[in-house]
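Peer 1: Mind looking over this structure? Questions follow.
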Amino acid sequence: MRRRNRELSLFGMSSLDLFASALGAFILISIIIFPLIADASRTEPAEPVPVLAAAPLPEPICPVCASLPTAPEPVTCPVVAPPPPTPAPVPAAAPEAQPAAPEPVACPVCPAVPDPVPCPQPSPGPVASTYQLPHLDLVIALDITSSMGSQVAALKAEVGQLSDLLSRMAPSFAIGLIAFGDRNWERPTTTFRLRQISGPTLNRAAFRGFVNDLDLRMGLGGGGNNDPPEAFLLALTEAARMPWRAEAERKVIVLVTDHPAYPEEVGRSVATAAAIARLPGHRVSTVYINSQGVVDRQVETFLQNVANAGRGQFVRDVGGSLTVNLLLSLL
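Residue numbers for the sequence shown follow the working numbering, so the first one is 1 and each next one is one higher.
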């Protein structure tokens, strides 16, 4: 017969004891904590933190294709103002989060639009002429008797100035010169034939040389000059025979003297001036030089009558420049 094992198991009793202790501790803890859990359940819950969703990007705007015109429209060219100055860039705030790039949208391909018709440049209008005189032929009949020394000297000093001024006042000009004295001189007149001075340098040099060779009583020779009247009519007649240019629109004879014609030639001088003025573009002007210091009314009246008959200008010298007197006689 088998004997029973009567030994007690220490492991089984310890486990029972441990389980009983744990159950007691759980009951004790439950009694202490459960009231606290009930109070905590009555407190308001905290508001949840909202989560910001990324704003969706706007869809790209495709360009609207321009319709091609069938016929060019007239273009009005505005006056374009200068562009305003470019403002300084303002730095943008850095975004908190970069959303994912949207898928690219395929835009239609627009057909090529022709460039606008450029505005035509205005054609330059006719340039207004700055000349005060037309194409000019000028014949100067200068008295070179002994009382006219200041005028001969003035012409020598101003010959270059006269040419320069006429170059600015007329598109082209020619000059002739008749130096006359008394009819009793051996050679009453000495003539420089009418030549175009504007342009040809040789003609200008020849005219300057003729003027520089002028001298008082040049041509007197074995003759005499014992009376005040001068060879006025002879100088006027010789001036009328000058080779006038066909292109000259104004042809002026200017007689510069301090004495009249001979008494028997006064009427013929006025009639000759009137006959010259009837020719196209011709005029006869006179310049009265008061060399004696006292106005001679007889001389002044004679020269005025010649200028009036010749449809020219009567100029009374007041001690100014001979060039100024000549220019005044051309107006």
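Glycine residues also receive a C-beta, built at the ideal position from the N, C-alpha and C atoms. Values in this document were obtained by computation on a predicted structure and should not be read as measured data.
Spatial neighbours of S146 within its chain, please: CB distance less than 8 angstroms, with the 5 preceding and 5 following residues excluded, ordered by chain position.
Peer 2: As a first step, residue 146 must be located in the sequence shown, where it is residue number 146. Result list for S146: L216, R217 and N225, in chain order.
Peer 1: Quick check on this structure: which residue in G219, G160 and R250 has the alpha carbon closest to the alpha carbon of A206?
Peer 2: Sequence index remark: in the sequence shown, residue 206 carries index 206 (1-based). For A206, the nearest C-alpha among the options comes from G160.
Peer 1: Roughly how many angstroms separate the alpha carbons of L214 and R241, rounded to a whole number?
Peer 2: Counting from 1 along the sequence shown, the entry for residue 214 is found at position 214. Counting from 1 along the sequence shown, the entry for residue 241 is found at position 241. Distance between the alpha carbons of L214 and R241: 22 angstroms.
Peer 1: I need the boundaries of the alpha helix (DSSP H) containing T272, first residue and last residue.
Peer 2: As a working note, residue 272 is residue 272 in the sequence shown. Counting along the chain, the alpha helix (DSSP H) containing T272 begins and ends at V266 to A277.
Peer 1: Relative to the C-alpha of T237, which residue among Q313, Q196 and A261 is closest?
Peer 2: Stepping through the sequence shown from its first residue, residue 237 is reached at position 237. Closest by alpha carbon: A261.
Peer 1: Return helix, strand or coil for G358, following the three-state DSSP convention.
Peer 2: Nothing can be reported for residue 358, as the shown portion of the chain is limited to 1 through 331.
Peer 1: Would you kindly report the start and end of the unbroken alpha helix (DSSP H) that includes Q298?
Peer 2: Against the sequence shown, residue 298 aligns to sequence position 298. Start and end: R297 to A309.
Peer 1: I'd like the list of long-range same chain contacts for I197, defined as Cβ closer than 8 angstroms, with 5 residues on each side in sequence excluded.
Peer 2: Along the sequence shown, one-based indexing puts residue 197 at 197. Counting only Cβ-Cβ distances below 8 angstroms, and skipping sequence neighbours, we find S163, L166, F173, A174, I175, N203, R204 and F207.
Peer 1: Cβ of V318 less than 9 angstroms from any chain D Cβ?
Peer 2: Structure shown: chain D not included; a single protein chain is present.
Peer 1: For my contact list, E230 and D182 are in at a C-beta cut-off of 8 angstroms; report their separation, rounded to the angstrom.
Peer 2: The residue given as residue 230 occupies position 230 in the sequence shown. The residue given as residue 182 occupies position 182 in the sequence shown. Sure, about 6 angstroms apart at Cβ, within 8 angstroms.
Peer 1: In three-state DSSP terms, what is E186?
Peer 2: Within the sequence shown, residue 186 is the residue found at index 186, counting from 1. Here E186 sits in coil by DSSP.
Peer 1: If you draw a straight line from the alpha carbon of T201 to that of V318, how long is it in whole angstroms?
Peer 2: In the sequence shown, counting from the first residue as 1, residue 201 sits at position 201. In the sequence shown, counting from the first residue as 1, residue 318 sits at position 318. Approximately 33 angstroms between the Cα atoms of the pair.
Peer 1: Kindly give me the distance between the Cβ atoms of A211 and K156, rounded to whole angstroms, as I take these residues to be in contact under 8 angstroms.
Peer 2: Translated into the one-based positions of the sequence shown, residue 211 becomes position 211. Translated into the one-based positions of the sequence shown, residue 156 becomes position 156. The identity of residue 211 in the sequence shown is Val, whereas the question assumes Ala. With 8 angstroms as the limit, V211 and K156 qualify as a contact, their Cβ atoms being about 6 angstroms apart.
Peer 1: For T286, which residues in the same chain have their Cβ closer than 6 angstroms to its Cβ, ignoring the five residues on either side in sequence?
Peer 2: Sequence index remark: in the sequence shown, residue 286 carries index 286 (1-based). Within the same chain, T286 has close Cβ partners L255, L303, V306, A307 and F314.
Peer 1: How close, in whole Å, do the beta carbons of L177 and L142 come, if the pair is a contact with beta carbons under 8 angstroms?
Peer 2: Counted from its first residue, the sequence shown places residue 177 at position 177. Counted from its first residue, the sequence shown places residue 142 at position 142. Between L142 and L177 the Cβ distance is about 7 angstroms, and since that is below 8 angstroms, they are a contact.
Peer 1: Please report the straight-line C-alpha distance between G293 and D258, rounded to a whole angstrom.
Peer 2: Residue 293 sits at position 293 when you count from the first residue of the sequence shown. Residue 258 sits at position 258 when you count from the first residue of the sequence shown. Approximately 11 angstroms between the Cα atoms of the pair.
Peer 1: Determine the extent of the beta strand (DSSP E) in which G176 is found, giving its start and end residues.
Peer 2: Here residue 176 is taken as the residue at index 176 of the sequence shown, counted from 1. That run of the beta strand (DSSP E) goes F173 to F180.
Peer 1: Determine the DSSP secondary structure at S321, reduced to helix, strand or coil.
Peer 2: The sequence position of residue 321 within the sequence shown is 321, counting from 1. Three-state result, S321: coil.
Peer 1: The alpha helix (DSSP H) spanning V139 covers which residue range?
Peer 2: Looking up residue 139 in the sequence shown gives position 139. No alpha helix (DSSP H) holds V139; the beta strand (DSSP E) holding it covers L136 to D143.
Peer 1: V159 by DSSP, collapsed to three states: which one?
Peer 2: As a working mapping, residue 159 is identified with position 159 in the sequence shown. Residue state, collapsed to three classes: helix.
Peer 1: Closest to I276 by C-alpha separation, out of G312, S291 and L328, would be which residue?
Peer 2: The residue labelled residue 276 in the question sits at position 276 within the sequence shown. Selected option, being the one with the closest Cα: G312.
Peer 1: Go through its chain and collect everything with a Cβ distance to S269's Cβ below 7 angstroms, but skip five positions before and after it.
Peer 2: Looking up residue 269 in the sequence shown gives position 269. Once the five neighbours on either side are set aside, the close Cβ partners of S269 are F232, L233, L236, A261 and V306.
Peer 1: Excluding the 5 residues preceding and the 5 following Q132 in the sequence, name in chain order all residues of the same chain whose CB lies nearer than 7 angstroms to its CB.
Peer 2: Sequence index remark: in the sequence shown, residue 132 carries index 132 (1-based). Closer than 7 angstroms at Cβ, skipping near neighbours: M169.
Peer 1: Could you check the C-alpha separation between R195 and V284 for me, to the nearest Å?
Peer 2: To locate residue 195, count along the sequence shown from 1; it is residue 195. To locate residue 284, count along the sequence shown from 1; it is residue 284. So the alpha carbons of these two residues sit roughly 19 angstroms apart.
Peer 1: Taking C-alpha atoms, which residue in G199, I140, V299 and L23 lies nearest to N325?
Peer 2: For the purposes of this step, residue 325 is taken as residue 325 along the sequence shown, with counting starting at 1. Checking every option, the nearest Cα to that of N325 belongs to I140.
Peer 1: Compare the C-alpha of P171 against each of I144, D137 and S321 and name the closest.
Peer 2: Translated into the one-based positions of the sequence shown, residue 171 becomes position 171. Ranking the options by Cα distance to P171, first place goes to D137.
Peer 1: Please report the distance separating the alpha-carbon of H282 from that of I253.
Peer 2: Within the sequence shown, the letter at position 282 stands for residue 282. Within the sequence shown, the letter at position 253 stands for residue 253. Whole-angstrom Cα-Cα distance: 8 angstroms.
Peer 1: DSSP beta-bridge partners for A261?
Peer 2: On the sequence shown, residue 261 is found 261 positions in, with the first residue counted as 1. A261 is bridged to E230.
Peer 1: CB-CB under 6 angstroms to T191, same chain, minus the five flanking residues each way: which ones, in chain order?
Peer 2: Within the sequence shown, residue 191 is the residue found at index 191, counting from 1. Excluding positions up to five away in sequence, the list reads I178.
Peer 1: Nearest CA to the CA of P280: which residue from E264, R245, E265 and G24?
Peer 2: Residue numbering aside, residue 280 sits at position 280 when the sequence shown is read from its first letter. Among E264, R245, E265 and G24, the Cα nearest to that of P280 is on R245.
Peer 1: Between which residues of its own chain and Y288 is the CB-CB distance below 8 angstroms, once the five residues before and five after are set aside?
Peer 2: Position 288 of the sequence shown, counted from the first residue, corresponds to residue 288. So the qualifying residues of the chain are T257, D258, V299, E300, L303, F314, V315, R316 and D317.
Peer 1: Run the CB neighbour count on F26, radius 10 Å, all protein chains shown included, and call it buried at 16 or more, exposed below.
Peer 2: Position 26 of the sequence shown, counting from 1, holds the residue named residue 26. With fewer than 16 other Cβ atoms within 10 Å, it is exposed.
Peer 1: How would you write the range of the beta strand (DSSP E) that V211 sits in, first residue to last?
Peer 2: On the sequence shown, position 211 is the one that residue 211 refers to. Taken as a continuous stretch (DSSP letters only), V211 belongs to no beta strand (DSSP E), being part of the alpha helix (DSSP H) at T201 to N212.
Peer 1: Going by DSSP in three states, R168 sits in which element: helix, strand or coil?
Peer 2: One-based indexing of the sequence shown puts residue 168 at position 168. In this structure, R168 counts as helix in the three-state DSSP scheme.
Peer 1: Please return the same chain residues whose Cβ sits closer than 6 angstroms to the Cβ of P134, not counting the five positions on each side in sequence.
Peer 2: Against the sequence shown, residue 134 aligns to sequence position 134. These residues qualify, in order along the chain: E249 and R250.
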